[in-house]
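Notes to accompany the following structure.
In my numbering, the protein residues as written are 1 to 226.
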């Protein structure tokens, strides 16, 4: 029943068995920002490289497997599902080939367009229903790779930082970065305190949610009959 406690996503786990805990929180903030910002306008190669780098950091971090392997497995499954769905769905519609000139006057070399189809399946006939054809071209493949790697990079990089850094250190690092804004009247103290409260109350909210699921399971509540 206590499955939420077995997947500590976004919760600090105390210990001394990893070198990630010894890194300055300001450095962790910097490389997390790098993982969050650089994939936005980068190529698919860079996105895949950042995802592989995160996996290598996780495997050599010396963190106990019970802390990260469940969340990592679920995140990988979710990212691959979203990536495959992005590949299957059409990325764009074919543009209409309308020209002012007569097609006889246009040289044949300009009429030949390269085919970027990487995979094609169908159309399939199932019980009189036609499905397909399923086409995966270069654009849809790149969209699937970018989507899946972006989801994995954003969630896992932040999760690695939060499970190895106490909330007080995270708030201190954020205040250090926002210190120049205090001269402009930016409320850094108030914002830092709100962030600290959110990080502190996150485990309590998960525990209450777990208790709610447990009470529903014990009472055998059928939501369809309510």
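Positions of the beta carbon are idealized from the N, C-alpha and C atoms, including for glycine.
With a threshold of 8 Å on Cβ separation, who are the neighbours of residue 198 within its own chain once the five nearest residues in sequence on each side are excluded?
none
Any heavy atom of the ligand ATP closer than 6 Å to the Cβ of residue 142?
With respect to the ligand ATP, the structure shown offers nothing to examine, as it has no ligands at all.
Residue 137, DSSP secondary structure in three states:
strand
For my contact list, residue 153 and residue 39 are in at a C-beta cut-off of 8 Å; report their separation, rounded to the angstrom.
6 Å
Given a cut-off of 7 Å, decide if residue 149 and residue 51 are closer than it, judged by their beta-carbon atoms.
yes
At which residues does the alpha helix (DSSP H) containing residue 217 begin and terminate?
188-219
Name the two residues that bound the continuous alpha helix (DSSP H) containing residue 178.
167-178
Apply the 10 Å Cβ neighbour rule to residue 215 and answer buried if 16 or more other Cβ atoms are within range, or exposed otherwise.
exposed
Could you pull the start and end residues of the alpha helix (DSSP H) that residue 53 belongs to?
44-59
Relative to the alpha-carbon of residue 229, which residue among 176, 211, 73, 194 has its alpha-carbon at the smallest distance?
Here the chain has residues from 1 to 226 only, and residue 229 is not among them.
Between residue 77 and residue 61, what straight-line distance do the alpha-carbon atoms span, to the nearest angstrom?
22 Å
For residue 159, which three-state DSSP category applies?
helix
Counting C-beta neighbours from all protein chains within 10 Å, is the total for residue 15 16 or more, i.e. buried, or is it exposed?
exposed
Would you identify the three-state DSSP class for residue 164, choosing helix, strand or coil?
coil
Look up residue 23 in the DSSP assignment and say whether it is helix, strand or coil.
coil
What does the alpha-carbon distance come out to for the pair residue 193 and residue 187?
10 Å
Please classify residue 205 as buried or exposed, where buried requires at least 16 other C-beta atoms within 10 Å of its C-beta.
exposed
C-alpha distance - residue 79 paired with residue 151, whole-angstrom precision
6 Å
Mind checking whether residue 87 and residue 140 have CB atoms under 7 Å apart?
yes
Exposed or buried, what is residue 85 when buried is set at 16 or more other beta-carbons lying within 10 Å of its beta-carbon?
exposed
Taking the Cβ atom as the reference point for each residue, do residue 13 and residue 57 lie within a distance shorter than 7 Å?
no
Between the CA atoms of residue 30 and residue 155 - distance to the nearest angstrom
16 Å
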